[in-house]
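The structure under discussion appears below in the form of structure tokens.
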Amino acid sequence: MRPGKLEKEPYNVIIAGVGGQGNVLLSGFIGAALVNEGFMVSVADTFGVSQRGGSVASHIKISRKTLYSSVTLKGKADLLIGMEPVETLRSLAEFGNPGIISIVNPRPFYPSGGVAYPDLGEVRRAIERMSSRTSYVNVTEEALKMGNPIYSNIILLGAVIGAGVLPLGEESIFPLLAERFPGEILEINLRAFRKGIELVS
Amino acid sequence: MANIATLKPGSTCLLMGNEAVARGVLEAGAGVASGYPGSPSSEVIPALAEAASQTDIYVEWSTNEKVAVEVAAGGSFAGIRSFCVMKQNGANVAADFIVNLNMTGIGGGGLVIFISDDPGGGTSNNEQDSRTIAKWIDNPLMEPSSAQEAKEMIKWAYEVSEAVNLLTFVRGVGRISYTRSNVVPGELPRKAQPEAVFPEIWDRNNPRKSRFTSGPFPVFHAPLHEKLEKAREIFETSPFNSYTGPEKPELLIIACGASTSYCIEGVNELNLEDRVSVLKLGTTWPLPEKLVAKHLKTTCKVLFVEEMDPFVERSVMELAAALLPETAHLTFFGARSGHLTPYGELSTDSVIGALADIMGITYQPRDRAYEEMCVEAAALVPGRPINMCPGCPHRATYWAVKNGLSLDGRNGFVCGDVGCYSMGFAGPGFYQARTMHAMGSGTGLASGLGKLGRFGLDQPVLAICGDSTFYHAVMPALANGVYNNSNFTLLIADNSATAMTGFQPHPGTGQTATGEPAKVVELEAVCRAMGATVETCDPFDLPKTIDTLLKMMAEESGVKVVIMRHMCQLVKGKRKIAPSWKMHVDGSKCLADACGCHRLCTRLFGCPGLMVDGETGKAAIDEALCAGCGLCAQICPAHAIIGEEV
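The listed protein sequences derive, respectively, from chains A and B. At position 113 of the first sequence the residue is numbered 110 (our numbering), and the sequence of numbers has no breaks. Just remember that our numbering sits 29 ahead of the position in the second sequence, which is counted from 1.
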């Protein structure tokens, strides 16, 4: 997808993850960038279990024409940004369809309270079977290499922009990063963002 | 989050509904804003507080919703436009004042309350429809369908409030409060606030405005109904009521609030634009009856789409009954017919379900083969129970409680309360909290249960509350317990913030909503002054905390308070306080399944920072999550979890 060009009306994006992983930060960047590019955008984040380890999802509906309700219709997602494998599959089961594109952080985030995590290989095979295209980006691993897992969502943002699955280019994100991360923390976040682009190129 | 005071009028911004509401308050020129944190309404006051330095508005976090609305009403009485915000449960706390305010009417400045309800109950322990309160007290109510409309509606609500001299409600839902979407800010008023003055008592030109006493009520009750009829007249031509669709539809949908866009999307998805119309009601109480009656005449079938109570549904059916026999041809669908539920959150999918059934359409979003894969996938996906954060002091508190009660051996129990520590009723708090109702109820229940010794209750009675909850509603219950010589132990989980709703300050934090220094209302001093025995512990010092609990429970009478003081881990993170410990597991000491502890650390203790290493089967620290609190080193029976001081 080229910057400024929407291939489908509306275009439905879901960011699936676990409370505390930062999906609201990610949906905020994408939403603000889209508004700046002149799109009509509704962003709905799961509320209540953020920071508390429950499964969360942000839904972004993008349109050129009108403001839609924020929640994706069953089976109607176009792009799935998975911050965690099982959460990716959870969203696919509800909102997936044969055309969906999935970009996934393959690192599991284990549920607490003794809940068993399914076989990761089986989860990955199911994600691939249910998506028209699947890309894995090791964002947590890369963030830990940079010294803090907190950078993983900015790396993921870079990967999503680099993959060309949103009507946004990297230029739409730079000013937002500068606004959000003032002073010396900007540099490392820019590095994280570029790392994400590099991972998918 | 953008500063809502500096948004450029006419530009397009991505704003959360709650931020749009706050911008509406500024655009309306309100001079007083108050509230108590409660999701889904919590972000309105912080947005206003951030704007307070650039605009002429006083913003406060009040100790509870009743005080908040009293503070705002004070502003109105003195002639200043005032605003108050709360979640649905807060409306109950505020109700005692509001049910008198309807009689007195407001002052010279308009008074608007924004209540955000929580269909689906994602952030609440009830799912109440607060619209009923507007009907109960005969005050006007409106419901926005988007963030932009929420902003416009707040402004208009001030005009209505001042025109009819009544408090006016704007009711949101979580989906409106939390959705971020395109919003175009308007101009902020240029003129300064009017001079605040409480009216002169003998101002003969304005006798009504010189006093605000709700009695004698016969004098005020009849005028209240006249005011309500005036509001109805205004609502008949409200710009927030609109109609889309054919002139004579096969089916008329009457929708309000967040449901409106679900209806429009559902109609489009099923290609019913030529057969089905949508009457959107922005003003839902009092019902604009002439407008609704006009549309009822154009159709034979009506579907009501609204979240939770069939509030509009009942009003319209009541109207239809009054209009008989003209309305005898109508068939109604909605909550009553079972096409939609009077509970839970609605969605475009639920509207599509109702429409497909009424219109005789088959709707299949995905083909069968894909649907089968979805079923298989769903079976593979485990549940993900919510948990306390890594490093959360409540985990330490409940671990101390669990062990303390077990050592005490008399079947003691904890009456729970509302906050992050509500999770004490489930696995994250080791199932220790045994009740959960309203704010402060744990202590009230404990006060009663602590008097039942005479009937043989010999179990230690404990209650728990948070620091913010203590000021909100626990103080009267604690005084009650002391006064009536009850016997219980109150644990105040003081994590230095209203953590559940986003770390808002409160009377114990030394800071106001706008960041100015404030006197600290000290927990220890308040509890001692009330006559309780008080001890303070750091719950991460497990041996001392457990000992203190045992000592308190052993006392035969009186009210005891243990303040469990440790800063919320997320506040520590925000203040960039470094972790105290660097944790690792000594693989030679962790015996995994051979230990006999049955994986105490991951199964029972359950901190998200602990995991089982897939290769070795032994416990491991998840570096991406561990907060370095060091607590798990104290609980491992094999001493395999090691903390190195950082």
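The C-beta atom is built at its ideal place from N, Cα and C for all residues, glycine as well.
Per DSSP, Ser24(A) lies in no beta strand (DSSP E) segment; the continuous alpha helix (DSSP H) that holds it begins and ends at 20 to 33. With contact defined as three or more Cβ pairs closer than 8 Å, the region 86 to 99 of chain A and the region 118 to 138 of chain A are in contact.
Residues of chain A with a Cβ closer than 7 Å to the Cβ of Arg604(B) do not exist, since the nearest Cβ in that chain sits about 15 Å away. At a C-beta separation below 7 Å, Arg126(A) has these neighbours in chain B: Met402.
The Cβ atoms of Thr313(B) and Phe333(B) do not sit closer than 8 Å to each other. In this structure, the straight-line span from the alpha carbon of Glu276(B) to that of Val307(B) is close to 11 Å. The residue among Gly244(B), Lys220(B), Ala607(B) with its C-alpha nearest the C-alpha of Met132(B) is Gly244(B).
Only those residues of the region 94 to 123 of chain B whose C-beta falls short of 8 Å from the nearest C-beta of chain A would be listed, and there are none.
When rounded, the separation of the alpha-carbon atoms in Glu564(B) and Val114(B) is 35 Å.
Sequence-distant Cβ neighbours of Ile650(B) in its own chain, meaning closer than 7 Å and more than five residues away, are Met612, His613, Val614, Gly638, Leu639. For Arg177(A), the enclosing alpha helix (DSSP H) covers residues 167 to 177. At a Cβ-Cβ threshold of 8 Å, Phe106(A) and Glu139(A) do not count as neighbours.
According to the DSSP secondary-structure assignment, Ser55(A) is paired through a beta bridge with Ile12(A), Asp42(A). If only complete runs of 4 or more residues are kept, the region 511 to 586 of chain B shows the alpha helix (DSSP H) at 552 to 559, 571 to 583, in order along the chain. Sequence-ordered contacts of the region 267 to 291 of chain B with chain A read Ala287, Ser290, Tyr291 [C-beta pairs closer than 8 Å].
Across the structure, Gly103(B) and Thr242(B) are spaced so that their CA atoms are roughly 13 Å apart. For the region 58 to 84 of chain A, the set of residues with a beta-carbon nearer than 7 Å to any beta-carbon of chain B comprises Leu64, Tyr65, Ser66, Ser67, Val68, Leu70, Lys71, Gly72, Lys73, Val83, in chain order.
Closest in C-alpha terms to Thr84(B), from the list Lys647(B), Pro572(B), Ala34(B), comes Ala34(B). Proximity of Met465(B) to chain A, defined by a Cβ-Cβ separation below 8 Å, is not satisfied. At a beta-carbon threshold of 9 Å, none of the residues of chain B lie near Ala13(A); the nearest stands roughly 11 Å away. Closest by C-alpha distance to Gly111(A), out of Ile415(B), Lys256(B), Ala107(B), is Ile415(B). Not flagged as an interface residue toward chain A: Tyr65(B), since no C-beta distance is shorter than 8 Å.
Residue burial is scored here from C-beta neighbours: Cys329(B) has fewer than 16 other C-beta atoms within 10 angstroms and is therefore classed as exposed. The three-state reading of DSSP puts His613(B) in strand, counting E and B together.
Collapsing the DSSP output to three states places Asn186(A) in a helix. With at least 16 other beta carbons inside 10 angstroms of its own, Thr377(B) counts as buried. Scanning the region 271 to 324 of chain B from its first residue to its last, the whole beta strand (DSSP E) runs of 3-plus residues come out as 271 to 273, 280 to 284, 305 to 309, 312 to 314.
For Tyr399(B), the enclosing alpha helix (DSSP H) starts and ends at 397 to 409.
When 8 Å is used as the limit between beta carbons, Cys42(B) is near these residues of chain A: Val32, in chain order. The C-alpha of Ile670(B) is placed about 12 Å away from the C-alpha of Arg628(B). Take Glu216(B), set aside five residues on each side of it, and the residues of its chain with a beta-carbon closer than 6 Å to its own are Pro38, in chain order.
At a cut-off of 8 Å between beta carbons, Cys444(B) makes no contact with chain A. Residue contact check for Ala156(A) against chain B: no CB pair falls below 8 Å.
The Cβ-Cβ distance between Ala284(B) and Lys309(B) falls below 8 Å. Contact between the region 195 to 210 of chain B and the region 168 to 180 of chain B is present: 3 or more CB-CB pairs across the two stretches fall below 8 Å. For Ser190(B), the uninterrupted alpha helix (DSSP H) segment begins and ends at 176 to 193.
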